[in-house]
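As you go down the protein sequences, you meet chains A and E in turn.
Quick note, our numbering runs 673 ahead of the 1-based positions in the first sequence.
Quick note, our numbering runs 478 ahead of the 1-based positions in the second sequence.
Each residue gets a CB set at the ideal place from its N, CA and C atoms; glycine is no exception.
This structure is a prediction, so every number in the text was calculated from the model and none was measured.
This report refers to the structure that appears directly beneath it.
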Amino acid sequence: MAPSAPLAGPGPLIDVHAHFFFDGCGRAEWDSLNRARFRAGERIGISLHIASILGSWGRFSPTYFASPADTARGNDAMQAIAEQHPDRVRWYAAVNPNDTDFALAEIDRRVAAGAIGVKLAAARRADDSLLDPIAERAAAGGLPILHHIWQHRRRHWPSQDASDGADLARLAARHPKASFILAHIGGGGDYQHTFAAVRDVRNIYLDLSGSGVDRGMLDDAYVAVGAKRLIWGADITLCTGLAKLWALEVIGLTSDELADVKWRNAVRIFTRLQWEPGTGNRERGSRDGVTVPGSPFPVPAK
Amino acid sequence: MIDANAYIGGYPFRHIPHPEPGILARVLEREGLDGAWVGHLPSAFYRDPAPGNDELFTALAPHPQLRAAPCIRPDWPDWERALASAVDRGARAIRAYPPQWGLGADDPGMRSLCGACGDAEVPLVLTARFEDLRQRHWLDQAGDLSAAAVRGIARGNRATRILVCSAGRGTIEEVHWGLTPAEREMVFWDISWIWGPPEDELALLLRTMGSERFVYGTAWPLRLAQTPRANLALLPDDLSGVTLTDPSRW
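Right, here's the structure in full:
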């Protein structure tokens, strides 16, 4: 492979779980972190980073319990980054469901400004009724919800009101028209519990991100939900994201299934995604298939 | 280059697909590696490691590129004879698991084992963790190998190469900068559990500590063998093609 060839191979690649930082947030090295993500993204061949910023990353309010001011601050920064990099960045509106009215208004405001999904972290358990109006708004707007998950929450963990796969499954069952991305199966906890909890919940997609690279995790996820419900992401460790892409190639996925995981599933559920082929890593996607209404990007016929 | 951090055998707390030496040999070939130092994973949880060491030597015999790294427990009677036997049988390195054996940071047995490994001219291999702390089985109460424990073994050591596997940046830095320059020269780290971009912790450690302190390791079959390869591929340009220490030359 030529040195300039994408490490993940040719073809589009969408990271559905990315984060950025900004001047004044809780990370002093914010600029080098952002630049490192873009550098590694180019090397891997990431066409689009679908990203969020969780408040001020802890500077003015806790990362997982962001205040309204911080929520707006983070979304402002995220919107600015997306506007600076329209070729390779899309974004979620991150909200705290405890401030319900504010959260709904924030979703509306940010979607009008270009957000294509909703990010929920760990300020309220996923099956809490407080999330229902947000899920309804997301379903109506074609906005996938990326929900932070602790794989099999067996106790409270510090600094978050974590949800697990069973919690999210209850929310997803109440909102069958919404699409839920269950965050980072490699992000801590017992992913095997998650697979059992969401196996039959068709509107939950498993995001492969997280630092965990256990052998057997990808195999079991594939067996549990199939390639149509796996979505690639990296979160805060792009190295493990790349390793998982390489691993997917050897655990038995067909090239068609691999394309589903790498980008087609994302295009399928992010119905507001406006994405011209040939941008990002400059690899053209397949022209075969059909186009989802609202998206210019072709996806394969079911 | 070899994989200095591989195992065969099952893990007590979750199913691992095909942890057999034949599969490992194929994985090494796919990853472009010349061989591996291989431990016997179940032995870390046995009281008496001797049967596991026997299984290890037998299982690896058909695979000359897989070099045995049996474990020696320094609080077990007659461990010195077990060490001598392991070396006689061709042990390429000696593994030890202080947390799994309940040996604390100041355990004199670990210092004795370290010294004996030096006398026998075999490296001592320590394992910081097998799994992420966030996913441990409720019966797995051993905890991670602490930086204090590594420092306790490494301080005063001049003769034994100590390889610590599966450690993260925090532990690595706390040990490295907590040793004298002469002591640091004897401690090495595998890269299986050090983060790449965007945090770029591997790049930072290579710059601050020097690439000669690091070796290639995967933690197979617990973790994806592709991980260290991905991490090296994503290093910033100034570190592209960096050379790690090849422990097969020790």
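Measuring only the C-alpha atoms, how far is residue i from residue j?
i, j, result
"glutamate 756 (chain A)", "phenylalanine 693 (chain A)", "13 angstroms"
"methionine 674 (chain A)", "lysine 901 (chain A)", "Bear in mind that the predicted position of methionine 674 (chain A) carries a pLDDT of just 44, short of 50, making it unreliable; the figure below should be weighed with that in mind. So the alpha carbons of these two residues sit roughly 28 angstroms apart."
"arginine 746 (chain A)", "leucine 891 (chain A)", "36 angstroms"
"valine 896 (chain A)", "proline 490 (chain E)", "22 angstroms"
"alanine 916 (chain A)", "aspartate 716 (chain E)", "22 angstroms"
"proline 725 (chain E)", "methionine 664 (chain E)", "12 angstroms"
"arginine 662 (chain E)", "alanine 583 (chain E)", "18 angstroms"
"leucine 623 (chain E)", "leucine 611 (chain E)", "11 angstroms"
"serine 677 (chain A)", "glycine 718 (chain A)", "10 angstroms"
"cysteine 595 (chain E)", "alanine 547 (chain E)", "12 angstroms"
"glutamate 651 (chain E)", "asparagine 483 (chain E)", "20 angstroms"
"glutamate 558 (chain E)", "isoleucine 550 (chain E)", "9 angstroms"
"proline 499 (chain E)", "threonine 927 (chain A)", "27 angstroms"
"methionine 751 (chain A)", "proline 659 (chain E)", "45 angstroms"
"lysine 792 (chain A)", "glycine 914 (chain A)", "20 angstroms"
"leucine 931 (chain A)", "alanine 703 (chain E)", "19 angstroms"
"leucine 712 (chain E)", "serine 563 (chain E)", "42 angstroms"
"proline 679 (chain A)", "aspartate 704 (chain A)", "24 angstroms"
"tyrosine 524 (chain E)", "glycine 530 (chain E)", "8 angstroms"
"threonine 638 (chain E)", "alanine 528 (chain E)", "23 angstroms"
Relative to the C-alpha of residue i, which residue among the options is closest?
i, options, result
"arginine 797 (chain A)", "A:Leu881, A:Phe738, A:Gly699 and A:Ser882", "A:Phe738"
"cysteine 643 (chain E)", "E:Gly656, E:Leu717, E:Val628 and E:Leu511", "E:Val628"
"valine 505 (chain E)", "E:Thr638, E:Trp698, E:Ala711 and E:Glu609", "E:Trp698"
"isoleucine 818 (chain A)", "A:Arg732, A:Ile942 and A:Trp948", "A:Ile942"
"leucine 844 (chain A)", "A:Leu926, A:Ile807, A:Met751 and A:Cys698", "A:Ile807"
"aspartate 863 (chain A)", "E:Arg662, E:Ala539 and E:His615", "E:His615"
"threonine 867 (chain A)", "A:Pro759, A:Arg700 and A:Ser836", "A:Ser836"
"valine 689 (chain A)", "A:Glu930, A:Ile909 and A:Gly861", "A:Ile909"
"proline 741 (chain A)", "A:Ala701, A:Ile719, A:Ser852 and A:Leu777", "A:Leu777"
"proline 675 (chain E)", "A:Gly883, A:Pro683, A:Tyr878 and A:Ala813", "A:Gly883"
"valine 886 (chain A)", "E:Cys549, E:Asn709, E:Ala547 and E:Pro529", "E:Asn709"
"leucine 657 (chain E)", "E:Thr638, E:Arg508, E:Ala637 and E:Arg633", "E:Arg633"
"proline 552 (chain E)", "E:Ala537, E:Gly580, E:Gln543 and E:Met687", "E:Gly580"
"histidine 758 (chain A)", "A:Leu721, A:Arg782, A:Asn876 and A:Arg847", "A:Leu721"
"glycine 815 (chain A)", "A:Leu926, A:Leu803, A:Thr944 and A:Gly684", "A:Thr944"
"tyrosine 878 (chain A)", "A:Gly838, A:Gly914 and A:Gly889", "A:Gly838"
"glycine 630 (chain E)", "E:Asp597, E:Phe608, E:Pro586 and E:Ser718", "E:Pro586"
"serine 689 (chain E)", "E:Leu712, E:Thr723, E:Leu700 and E:Glu507", "E:Thr723"
"arginine 937 (chain A)", "A:Ile780, A:Pro679 and A:Gly684", "A:Gly684"
"proline 831 (chain A)", "A:Pro735, A:Asp929 and A:Arg700", "A:Pro735"
"tryptophan 764 (chain A)", "A:Asn748, A:His857 and A:Arg782", "A:Asn748"
With distances taken between CB atoms, is the gap from residue i to residue j smaller than 8 angstroms?
i, j, result
"isoleucine 669 (chain E)", "tyrosine 694 (chain E)", "yes"
"histidine 820 (chain A)", "phenylalanine 853 (chain A)", "yes"
"threonine 605 (chain E)", "alanine 625 (chain E)", "no"
"isoleucine 572 (chain E)", "valine 600 (chain E)", "yes"
"glycine 510 (chain E)", "isoleucine 480 (chain E)", "no"
"aspartate 840 (chain A)", "alanine 799 (chain A)", "yes"
"glutamine 833 (chain A)", "alanine 869 (chain A)", "no"
"leucine 684 (chain E)", "valine 653 (chain E)", "no"
"tryptophan 728 (chain E)", "phenylalanine 692 (chain E)", "no"
"glutamine 613 (chain E)", "glycine 861 (chain A)", "yes"
"aspartate 880 (chain A)", "glycine 906 (chain A)", "yes"
"histidine 493 (chain E)", "glycine 859 (chain A)", "no"
"valine 898 (chain A)", "valine 940 (chain A)", "no"
"arginine 607 (chain E)", "arginine 570 (chain E)", "no"
"lysine 935 (chain A)", "leucine 686 (chain A)", "yes"
"tyrosine 485 (chain E)", "leucine 538 (chain E)", "no"
What's the call for residue i, buried or exposed, on a 16-neighbour Cβ count within 10 Å?
i, result
"arginine 567 (chain E)", "exposed"
"leucine 534 (chain E)", "buried"
"aspartate 526 (chain E)", "exposed"
"glycine 953 (chain A)", "No answer about glycine 953 (chain A) holds up, because its pLDDT of 48 lies below 50 and its placement is not dependable."
"arginine 828 (chain A)", "exposed"
"tryptophan 655 (chain E)", "exposed"
"histidine 496 (chain E)", "exposed"
"proline 540 (chain E)", "exposed"
"aspartate 760 (chain A)", "exposed"
"proline 576 (chain E)", "buried"
"arginine 536 (chain E)", "Looking at the sequence shown, residue 536 (chain E) is not arginine but threonine. Threonine 536 (chain E) comes out exposed."
"serine 521 (chain E)", "buried"
"leucine 617 (chain E)", "exposed"
"arginine 542 (chain E)", "The sequence as given places proline at residue 542 (chain E); arginine does not occur at that position. Answer is exposed; the Cβ neighbour count stays below 16."
"alanine 893 (chain A)", "The question names alanine, yet the displayed sequence has aspartate at residue 893 (chain A). Buried, since its Cβ has 16 or more Cβ neighbours within 10 Å."
>> Taking 8 angstroms as the cut-off, does the segment 782-789 of chain A touch the segment 822-838 of chain A (at least 3 CB pairs, one atom from each stretch)?
In response: no
>> Using 8 angstroms as the cut-off, can you tell me whether the segment 679-699 of chain A makes contact with the segment 712-726 of chain A, which would need three or more C-beta pairs spanning the two stretches below that distance?
In response: Contact holds: three or more Cβ-Cβ distances are below 8 angstroms.
> Okay, do the segment 579-593 of chain E and the segment 679-686 of chain E touch, 3+ Cβ pairs below 8 angstroms being the bar?
Replying inline: no
> Is the segment 768-783 of chain A close to the segment 699-714 of chain A, with three or more CB pairs under 8 angstroms?
Replying inline: These segments do not touch.
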